[in-house]
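The structure appears right after this line, and notes come after that.
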Amino acid sequence: MFLWAGEALFHEPWLGVCLAVAAMCCAFYWMLLGWTRPLRAFVCAILFGLRFGNFTYWMNSYWLGSPAALGGALALGAVPRLAIRPALSTAVLSCLACVILFMNRSLEGLVFIIPGVTAVATAWF
0 MFLWAGEALF
10 HEPWLGVCLA
20 VAAMCCAFYW
30 MLLGWTRPLR
40 AFVCAILFGL
50 RFGNFTYWMN
60 SYWLGSPAAL
70 GGALALGAVP
80 RLAIRPALST
90 AVLSCLACVI
100 LFMNRSLEGL
110 VFIIPGVTAV
120 ATAWF
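Here the sequence shown is numbered in numbering that gives the first Met the number 0, starting from 0 and rising by one per residue.
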C-alpha cells in the first residue's frame, strides 16, 4: 500500500517507503507519549527515527518492515489510553493497528495484540 501511495502521489515508489518510515516514527512518538513524559518521548522518538529511519534496510530497500512496526506502535500506544480513558479515536487507531498487523504479520500480530487486549479488558473490569 505504501509503495502504491508513493507511485500514485509522487510517481516514485521509494517516496512511499519514506512515507511508511515517517508514519512509523510518528506512531512511535505517539506510543511513547502514552507511556512516558513528553520530553523523554520526543528524545526517544528522535533516536528511534535516526536509528531505524536512516540506518536500516527499512529505508533503503523496497522490503518494508516499517508497516509492521507502525501497527505495533499504534497497538501498544492505544493500550494505556484505552485503559485510562477510552475514546472513539483511540479505539479506531487500535483497530487500524490490528488490521495493519494482521495484513503484515498475521501470527506475530496476534501474539502481540492479545496481551494488550487482555490488559485493557482487565483495566475496564
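Think of the CB as a built atom: it goes at the ideal place given N, C-alpha and C, for glycine as much as any other residue.
Check                                                                                   : Outcome
Buried versus exposed, by CB contacts within 10 Å (16 or more), Ser65                   : buried
Cβ pair count under 8 Å reaching 3, the region 96-103 against the region 70-83          : yes
Residues near Ala118 in its chain [Cβ-Cβ closer than 6 Å; skip 5 each side]             : Val78
CA nearest to the CA of Leu31, picked from Ala19, Leu46 and Leu87                       : Leu46
Closest by C-alpha distance to Trp62, when choosing among Thr89, Leu87, Ala21 and Val16 : Val16
Helix, strand or coil at Ser60 according to DSSP, with G and I counted as helix         : coil
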